[in-house]
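Here is the structure we will look at, set down as structure tokens.
Protein chains in written order, with the numbering used here: chain A, 5 to 359; chain B, 8 to 292.
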């Protein structure tokens, strides 16, 4: 089922949580709502679920107005950040809850409930834990119970609020991969909220980048990462070095690199901000003296790429660079060593378009 | 080995042993003098003229009437305050609204005001010469010096017990579980019975128990509105005073022993609930 969000606004007193937000989610899609805290992403999710009322605007489920439907009729599976499992019920009863509270004429028979619940528990690999209580489970297991519980009502839409927010890094990664697999299998229209850009880029079919109660950019993970539409998008998605510079003759001088600026951005010249990704910073050692002089401040080689912090010669400001390990080995960088750096690529925004 | 272990204990507990013993003895002596001795005294006095005389005290129809009245008042006041307590703490813990802090303060009022004042206020409102007096007389409704007055005064005094117990508990639990239940298709009513109530049951029971103990034992507020009509408007605490003033010590202490037993039962139940409560919340923890 597709979800259409039309001009949704939400006020909390004087605070605007959502300002005229529109978005379409296609059937079977896995969409990430990504943004910093306070950007309105959770509020949008809760409005779609019916847990919150929009001040104005419409939400359409499969072309029908959902705001007039009760939460029960929406058939939305909602997974909470802190699981919100029923603490006094066993895992089995938690998952069975949505079936047991159905109207008498729609309620499955006890044997069918048992079948359904056990099937779901084996789907989330927790069939041996049916008799346990939520407090006896780890965070990752609790979140899987919460997911099974949401899936029990056969929802048309699955909504997840920071589903991995409270888990440690390793479990989070596992669960992420597992959720992607589950989604591909079930083809359920799903939206999840996250503030973790890596999670959004890795998991989602499409990323909705939100900031200040509005949508900044919508696109596939690669689109938003490679072509951030706004300076906010650039800063939020991945590490980035930010330089103040001036556009002259359709070019900027960023960190020793002479970078051409597209004509529509250049607009005759003026102050601008340039963003350079760490992996677009080149480092030269020894005989090559291209770009700007800099001094190595810090080298972290734990991981597939080495992270290097350098201070620029003229003003001492710090620049972050990432290079492959082989290259690090060839350069043989030491702390305090003088080198040259140059920006290979940069994304330039004229200052008046930056907010 | 032992010496080192000893030294460690010494360091961990800063007070020397004699001080610890002294403080413990002091506390126990104080407790015995102030609480245990009088409590034992009640039972000793009640059975001074033998078990037969003790039970004979309960043959008095006025005593039976006092016991019956106490039970009736508690049976009305406690359920009403339970419902009120759940509703009030639900509102306070789960919603934001204008006047919330005023409501919280008002709930605490019966704790801070003298029960006699509460009784007097009811006389002022419902008494024959009170604000609603003429209307009540015209419609032949008697509140003061009758059971309705006793019930009202008791409700006022025992008003905060359940709410006070539930508000912090509900605030701590938040409303995510209720939201989850609603998103799974449960109605508000079912959510209350299947999610909210089970989560607060131990705290609720604890509050109801304290509320009941106070409802049965209340003296001041009830005394003002009762009128002390024998066999009609005397509750147990009031009748104990009357018997005592008539130098009928055995009967006075016999009725008092019932109240004391109620207190003991309450304490035991309270302990059991605390123990279950702690167990339940540590499983939840």
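Idealized CB from N, CA, C, for every residue including glycine.
| query | result |
| --- | --- |
| Bounding residues of the alpha helix (DSSP H) (the contiguous stretch that carries residue 111 of chain B) | 107-119 |
| For residue 244 of chain B and residue 263 of chain B, the rounded distance between their alpha carbons | 7 Å |
| Chain B contact residues for residue 105 of chain A, given Cβ-Cβ distances below 9 Å | 188, 191, 192, 193, 194, 197, 198, 201 |
| Bridge partners - residue 60 of chain A, DSSP secondary structure assignment | A/13 |
| Residue environment, residue 201 of chain A, which counts as buried when at least 16 other CB atoms sit within 10 Å | buried |
| Secondary structure of residue 268 of chain B, DSSP reduced to three states | helix |
| Cutoff 7 Å: residue 184 of chain B Cβ touching any chain A Cβ | yes |
| Alpha helix (DSSP H) segment containing residue 56 of chain B, residue limits | Per DSSP, residue 56 of chain B belongs to no alpha helix (DSSP H) and is neither H nor E. |
| Interface residues of chain A facing residue 205 of chain B [CB-CB closer than 7 Å] | 92 |
| Proximal residues of chain B, C-beta to C-beta of residue 153 of chain A below 9 Å | 187, 191 |
| Beta carbon proximity, residue 12 of chain B to chain A, threshold 7 Å | Note on residue 12 of chain B: pLDDT 48, under 50, position unreliable in the model; the coordinate value appears next. Not closer than 7 Å to any Cβ of chain A, the Cβ of residue 12 of chain B fails to qualify, so no. |
| Simplified DSSP assignment, three categories, for residue 194 of chain A | strand |
| Counterpart residues of residue 243 of chain B in DSSP-defined beta bridges | According to DSSP, residue 243 of chain B bridges with nothing at all. |
| Any C-beta of chain B under 7 Å from that of residue 127 of chain A | no |
| Close-in-space but distant-in-sequence residues of the same chain around residue 155 of chain A (CB under 7 Å, 5 per side omitted) | 81, 124 |
| Within 7 Å, strictly: CB atoms of residue 352 of chain A and residue 306 of chain A | no |
| Element boundaries [alpha helix (DSSP H), containing residue 230 of chain A] | 225-230 |
| Span of the alpha helix (DSSP H), counted from its first residue to its last, around residue 88 of chain B | 68-101 |
| Residues bridged to residue 304 of chain A (per DSSP) | A/311 |
| Whether residue 276 of chain A touches residue 259 of chain A by CB criterion (7 Å) | no |
| Element boundaries [alpha helix (DSSP H), containing residue 162 of chain B] | 154-165 |
| For residue 255 of chain A, the first and last residue of its enclosing beta strand (DSSP E) | 255-258 |
| As assigned by DSSP and simplified to three states, the class of residue 6 of chain A | coil |
| Element boundaries [beta strand (DSSP E), containing residue 324 of chain A] | 322-328 |
| Own chain residues within Cβ distance below 7 Å of residue 228 of chain A, not counting five before or after | 211, 213, 221, 237, 241 |
| Min CB distance residue 146 of chain A to chain B below 7 Å | no |
| Cβ neighbours of residue 100 of chain B in the same chain (closer than 7 Å, five flanking residues each side left out) | 174, 177, 178 |
| Within-7 Å CB hit, residue 55 of chain A to chain B | yes |
| Whole-angstrom C-beta distance between residue 350 of chain A and residue 326 of chain A, which should lie under 8 Å | Rounded, the Cβ-Cβ distance is 15 Å, inconsistent with contact. |
| Partners in chain B for residue 102 of chain A, counting only beta-carbon separations shorter than 7 Å | 191, 192 |
| Under 7 Å (Cβ pairs) to chain C, residues found in the region 74-88 of chain A | Given the protein chain composition of this structure (A and B), no chain C is represented. |
| Residue burial classification, residue 138 of chain B (beta-carbon count within 10 angstroms, cutoff 16) | exposed |
| Within chain B, partners of residue 9 of chain A - CB distance below 9 Å | Simply none; closest approach about 18 Å. |
| Chain B within 7 Å of residue 285 of chain A, Cβ atoms only | no |
| Residue 64 of chain B beta carbon less than 7 Å from that of residue 247 of chain B | no |
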